[in-house]
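Data block below; observations after.
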Amino acid sequence: MPPEDRATASKLRLLIADDQPLIRRALSMTLGAEPDIEVVGLAANGQEAIDLALRLQPQVVIMDQQMPGVSGAVATREITTRLPDVRIVILTTFDDDELVFEAIRSGAHAYLLKDATEDVVLETVRAVHQGESRLSPTIARKVLAQLRALSGREDPSPDTAPRPPRPVRPFRPAGSLPGQPAAGLAPALRIA
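Its first residue numbered -19, the sequence shown is counted upward by one per residue in the numbering used here.
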């Protein structure tokens, strides 16, 4: 295999799906300039993302959540069902709870808001490629709040959360056995 083919083979294969041409181009130029990333395709909607993913076999897809026709969540579900090794990064302006949880349930591995810096997007793409998951801080707070609500604990502060009462246990001197009177402990320890 020629050296240039080996270099291409070792690059992270990335597909970008966003309905805004400027965003697609900016992501492609920024991420494609990285020596370890190859942008293999650009999609303008969810259906294109599905079709290109099936044809191009990317390792990571950056997916907008709200696109005309097939949504990012539906495309994510379809891609991860048919190509389970593909990792999906949702990159969107929408932080609505319903959209966030729909994307996560659909199989997204990361959910970033478009106010993320280039470095955060780049680091997230590399991290999900390595099997990690990432969330924007505001999205992480929503996920934690939802988990707390599901567990019956609404209060986000562990310091102010009511604690369940502890069971009252009879006092037992250290080293004594259950049912052994305290007076019987001294001879056992050879204490006068």
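Just so you know, even glycine gets a beta-carbon here, dropped at the ideal spot from N, CA and C.
All figures in this text were calculated on a predicted structure; none of them were measured in a lab.
Taking the alpha-carbon positions, what's the residue i to residue j distance?
i	j	result
E78	L93	15 Å
L124	D75	14 Å
A24	I84	21 Å
Taking the beta carbon of residue i as the centre, do at least 16 other beta carbons fall within 10 Å, making it buried, or is it exposed?
i	result
L127	exposed
P38	buried
T73	exposed
Within the same chain, show all residues whose beta-carbon is closer than 7 Å to that of residue i, passing over the 5 residues directly before and after it, in chain order.
i	result
S8	I(-4), V19, L22
Please state whether DSSP places residue i in a helix, a strand or coil.
i	result
M43	strand
A90	strand
T104	helix
E14	coil
V69	strand
A23	strand
Note down, in chain order, each residue of its chain lying with its Cβ closer than 6 Å to the Cβ of residue i, except the 5 sequence neighbours on either side.
i	result
A107	R114
Under 7 Å, do residue i and residue j count as touching if we go by C-beta distance?
i	j	result
I30	I59	yes
D44	D(-2)	yes
V80	K122	yes
G173	V41	With the chain running from -19 to 172 in the structure shown, residue 173 is simply not present.
A90	T104	yes
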